[in-house]
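Residue numbers (the working numbering): 22 to 297.
Shown next, in the form of structure tokens:
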């Protein structure tokens with residue numbers, strides 16, 4: 022790195038530390054630790070289909086899904102490839118994946134319950150993998166180290182999906198976090214930092230933009246409150262009142278229920294392995 026050049030890994034790390042130091046912050050592993058909460062995690066089917074369409078899937082390949090959640094991508098991918106390894110640290114999410122794979126009878130999904138930073142490829146993985154995916158799971162502080170590890174275990178390509186601007190949930194956090202926790206919310210770094218870091222690392226990524234739709238349906242305000250309270254770090258009646266009032270502004274009546282709809286932009290960043 023030349024003198025005076027921006028250290029993009031440092032920029033990322035500082036923003037992640039600020040985000041994680043916000044009062045009321047919970048890691049994904051904590052937030053999704055319970056199966057009941059993890060089972061409520063939903064991604065619109067249209068978004069899943071759009072994501073799958075961007076991936077070079079084929080029947081004979083092996084796939085590594087980092088931050089697999091409840092199997093949002095891993096499960097549909099498993100039906101189209103040779104094998105999938107899903108890395109996921111949250112116990113609740115792992116429980117949901119295992120339950121779904123058991124119910125579907127899929128035998129080609131292997132789960133590694135660890136943070137990506139703690140994964141030792143020679144011990145924990147069965148790589149190299151033709152395709153490595155990290156979809157909205159870049160919460161690690163040392164992103165350069167995480168990306169190097171992804172590149173090292175891939176034999177063909179690595180595909181990242183990350184926020185290009187403020188997603189709906191961050192806009193909501195910015196709006197009411199001070200009332201909830203007495204301090205402003207600090208957003209996560211966005212895709213521009215990821216792209217610049219990869220370029221600085223010499224990985225020469227490709228980039229395309231995609232719409233990011235978020236949609237949640239609820240029977241009533243009480244069901245919505247149960248869903249959102251953990252995400253906003255609610256621990257007392259006063260905080261619950263703040264979230265309840267905010268949901269009254271954000272939710273839209275539709276049919277017999279309520280809907281939360283948000284739209285933002287995401288980036289698909291990918292690179293193919295270059296021959297030595």
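Built from N, CA and C at the ideal position, the CB exists for glycine as well.
When C-beta atoms of the region 224 to 244 are compared with those of the region 282 to 296, three or more pairs fall below 8 Å, so the two segments count as touching. Fewer than three beta-carbon pairs drawn from the region 117 to 137 and the region 184 to 200 are found closer than 8 Å, and the two stretches are therefore not classed as touching.
Between residue 92 and residue 107 a beta carbon distance of about 7 Å is seen, short of the 8 Å cut, so the two are scored as contacting.
When the five nearest sequence neighbours on each side are left out, the beta carbons in the same chain lying within less than 8 Å of the beta carbon of residue 269 are those of 242, in order along the chain. Non-local C-beta neighbours of residue 44 in its own chain, meaning closer than 6 Å and more than five positions away in sequence, comprise 202 and 204, ordered along the chain.
Per DSSP, residue 106 lies in no alpha helix (DSSP H); the unbroken beta strand (DSSP E) holding it starts and ends at 104 to 108.
Around the beta-carbon of residue 188, 16 or more other beta-carbon atoms lie within 10 Å, marking it buried.
DSSP, reduced to helix, strand and coil, places residue 225 outside both helices and strands of the structure shown, so it counts as coil. One thing to note: residue 184 has its Cβ no nearer than 8 Å to the Cβ of residue 214.
Looking at the DSSP output, residue 238 shares a beta bridge with 280. By the criterion of a C-beta distance shorter than 6 Å, residue 114 is surrounded in its chain by 53, 59, 90 and 91, once the five residues flanking it on both sides are discounted. In the three-state reduction of the DSSP assignment, residue 194 falls in the helix class. The Cβ neighbour count for residue 75, taken over all protein chains shown within 10 Å, is under 16; the residue is labelled exposed.
Residue 154 is not a Cβ neighbour of residue 82, given a cutoff of 8 Å. Assigned with DSSP and collapsed to three states, residue 179 falls in strand. Residue 163 has its alpha-carbon roughly 19 Å from the corresponding atom of residue 175. Annotated as distal: residue 181 and residue 77, with beta-carbon spacing of 8 Å or more.
Fewer than three Cβ pairs drawn from the region 274 to 288 and the region 163 to 173 lie within less than 8 Å of each other, which leaves the two stretches out of contact. C-alpha of residue 32 to C-alpha of residue 47: approximately 21 Å in a straight line. Cβ atoms of residue 218 and residue 29 come within 8 Å of each other, at about 4 Å.
Scanning 42, 161 and 216 for the CA closest to the CA of residue 289 turns up 216. According to DSSP, residue pairing for residue 292 in a beta bridge involves 179. Between residue 105 and residue 84 the beta-carbon gap is near 5 Å, inside 8 Å, which marks them as a contact. Rounded to whole angstroms, the separation of the alpha carbons of residue 140 and residue 173 is 13 Å. A straight line joining the alpha-carbon of residue 148 with that of residue 156 spans about 19 Å. Cβ contact annotation for residue 283 (same chain, cutoff 6 Å, sequence separation greater than five): 189 and 235, in chain order.
Looking at the DSSP output, residue 253 sits in no beta bridge, so it has no partner there.
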